[in-house]
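Residue numbers (our numbering): -11 to 210.
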């Protein structure tokens, strides 16, 4: 809205919904990250005799990223449940959720043991001898899933969501082409373009829905 008072009213009207829904999403993220953290102990085999001396380092990095995702989700849950949420301005709450979502996305992508190896400058085939397979499918799922969930579930303004949408593409390009991928270059390009159009479609859907919300709000206050 051109009028700042109207914009503040629009934000204030949606703040309670943002806090409650962000809490639900944060709880789901905490359960998921804690489950994958536990699975890294229960399902990942110990380093066999004669295995790579870097095996423990890779698992430490991977598990640390899993744990960081849980901590971020837990902190957001506490923020939403505490009196702090009522003291935060709606715009600040929006920014906090987007920042935590982006950091969580990066952690989710990099916590895969094969990518944790690459972060340490190691060849995952030499370190992860029992499971040398790598695919970009999990990365695309994490990135697109998080972008879609945040856009659909949370009443955050479209332009505030834009950095997350752009950041999701940057994460994919940085990891697939910078950190490295086992996918052929052509497949990486196709995956990147497909992800780009999915993110654009999600972002446009959010924009159209927000325009309808703004029109309805403006009609009410007239």
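We put the CB at the ideal spot given by N, CA and C, even for glycine.
- If you check the CB distance, residue 146 and residue 194 come in under 7 Å.
- Cβ contact annotation for residue 94 (same chain, cutoff 8 Å, sequence separation greater than five): 159, in chain order.
- For residue 201, the uninterrupted alpha helix (DSSP H) segment begins and ends at 173 to 209.
- In this structure, residue 62 sits near residue 18, with a CB-CB distance shorter than 7 Å.
- For residue -7, the enclosing alpha helix (DSSP H) starts and ends at -8 to 30.
- For the pair residue 21 and residue 139, the Cα-to-Cα distance works out to about 20 Å.
- Rounded to the nearest whole angstrom, the C-alpha separation of residue 92 and residue 11 is 15 Å.
- Rounded to the nearest whole angstrom, the C-alpha separation of residue 179 and residue 98 is 18 Å.
- For the alpha helix (DSSP H) assignment, the uninterrupted runs of no fewer than 4 residues enclosed by the region 125 to 156 are, from N- to C-terminal side, 125 to 141.
- Going by C-alpha positions, residue -5 is about 43 Å away from residue 107.
- Exclusion of the five residues before and after residue 114 leaves 40 as the residues of its chain whose Cβ lies within less than 7 Å of its Cβ.
- Burial check for residue 6: the Cβ neighbour count within 10 Å reaches 16 or more, so the residue is buried.
- Residue 104 is positioned such that its CB atom lies closer than 7 Å to that of residue 50.
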